[in-house]
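For the sequence shown, my numbering assigns the number 293 to the last residue and increments by one with no breaks. All C-beta atoms in this analysis are idealised placements derived from N, C-alpha and C, irrespective of residue type, glycine included. Remember, it's a predicted structure, so these values are computed and weren't measured experimentally. Scroll down for the structure; my scribbles are underneath it.
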Amino acid sequence: MIKSMTGFSRQLVELGTDVFSLEIKGVNNRYLDIVVKIPDDFSFVEEEMKLLIKSYIKRGRVEVRLKGKNNLQPTGQEINKEFLLSLVEQVRNISEELNLDAPVNIQSLLLVDGVIMDRRGIIEESLVKEQILFALRNALDEFDTMRFSEGQRLKVDIEERIGYINNLIQNIKEYSLLVVEEYREKLYQRVNKLKIEGLEFDENRLLAEIALFAERCNITEEIIRLESHMVEFNESLYKKESVGRKLDFLLQEINREINTIGSKANNYQIAKLVVELKGEVEKIREQIQNIE
2 MIKSMTGFSR QLVELGTDVF SLEIKGVNNR YLDIVVKIPD DFSFVEEEMK LLIKSYIKRG
62 RVEVRLKGKN NLQPTGQEIN KEFLLSLVEQ VRNISEELNL DAPVNIQSLL LVDGVIMDRR
122 GIIEESLVKE QILFALRNAL DEFDTMRFSE GQRLKVDIEE RIGYINNLIQ NIKEYSLLVV
182 EEYREKLYQR VNKLKIEGLE FDENRLLAEI ALFAERCNIT EEIIRLESHM VEFNESLYKK
242 ESVGRKLDFL LQEINREINT IGSKANNYQI AKLVVELKGE VEKIREQIQN IE
């Protein structure tokens, strides 16, 4: 299924009395790169967000932002025991180093930022997670619809170019059948001219020269492979899975065969057609850079 890697969607998330904006933005990238930017208080839902995104998107850079101010009321406070014990240990170590006999003042340490933390209830955290994932799923559905719509537009353009490329290949096949015959005719004309001038020419050598030329400029195998790649490329446009990287690979193989045809075929008309082929393939290459 052809989908674009670019797109945008936005959903609102209501958390208590606060309203957050959840945005998804997608751009081209060779591999899947997910960036989630959310307030620190909601970091507990980040991994589940990434898993959900991966179930929708296979390729591209995706940035998800949750913007807004978190004013959710804490259900109470608690002491960060691990942090407090660490502070006590540091105070004792410093006292020993300085030979001080000063008692540890717990009340002073409680005033240090991070020792006393807001505690949020389990039910409230669960509700926050549910609301964020619900909004993300809706945003991804909208994002996917946009990507599919853009992908279909790209598909139509690519299909038209594939049709034109196939016509060019048929023209090359027709000209390739005439190349050896034209060479044979020119060679015999030169030989006949030499004979008129009284010069002798070995017929076997002439036939060997024609056979060598025919072998050197034979592009039958390249055309067969090129047509095979074009069939596979066209079929890939209708597959359900992500096909962007496969299309990119096939296009490289198509380019390789076209270049070989251009270097082997000793014919002006074929050379012109090869230039046209390269131009169309390059236009398709630009399009598939945006395909998932």
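Can you tell me whether Arg148 is buried or exposed, with buried defined as 16 or more other CB within 10 angstroms of its CB? buried
Pop quiz: Ser5 and Leu155 are said to be a contact at Cβ under 8 angstroms. What is the actual Cβ separation, rounded to whole angstroms? 6 angstroms
Leaving out the 5 sequence neighbours to the left and right, which residues in its chain are closer than 6 angstroms to Arg62 when beta-carbon positions are compared? Val28, Asn30, Asp34
Secondary structure at Gly297, three-state DSSP: helix, strand or coil? The structure shown does not extend to residue 297, since the chain is modelled only from 2 to 293, so the question has no answer here.
Would you tell me roughly how many angstroms separate the C-alpha atoms of Leu278 and Ile259, rounded to the nearest one? 8 angstroms
How would you label Asn268, buried or exposed, when you count the other beta carbons within 10 angstroms and need 16 or more for buried? buried
Any idea which residues DSSP pairs Asp102 with across the strands? Asp102 pairs with nothing; no bridge assigned.
Keeping to the same chain, check which residues put their C-beta closer than 7 angstroms to that of Arg286; ignore five residues upstream and five downstream. Leu252
Apart from the five residues just before and just after Asn291, which ones in its own chain have a Cβ nearer than 7 angstroms to its Cβ? Ser5, Met6, Thr7, Asn29, Leu155
Arg226: first and last residue of the uninterrupted alpha helix (DSSP H) it sits in: 221 to 237
Is the CB-CB distance between Val36 and Glu15 below 7 angstroms? no
Measure the C-alpha to C-alpha separation of Leu178 and Arg138 and round it to an integer number of angstroms. 58 angstroms
Ignore the nearest five residues each way along the sequence and tell me which others in Leu88's own chain have a CB closer than 6 angstroms to its CB. Leu110
Could you tell me whether the region 128 to 135 touches the region 44 to 62, using the rule of 3 or more Cβ pairs below 8 angstroms? yes
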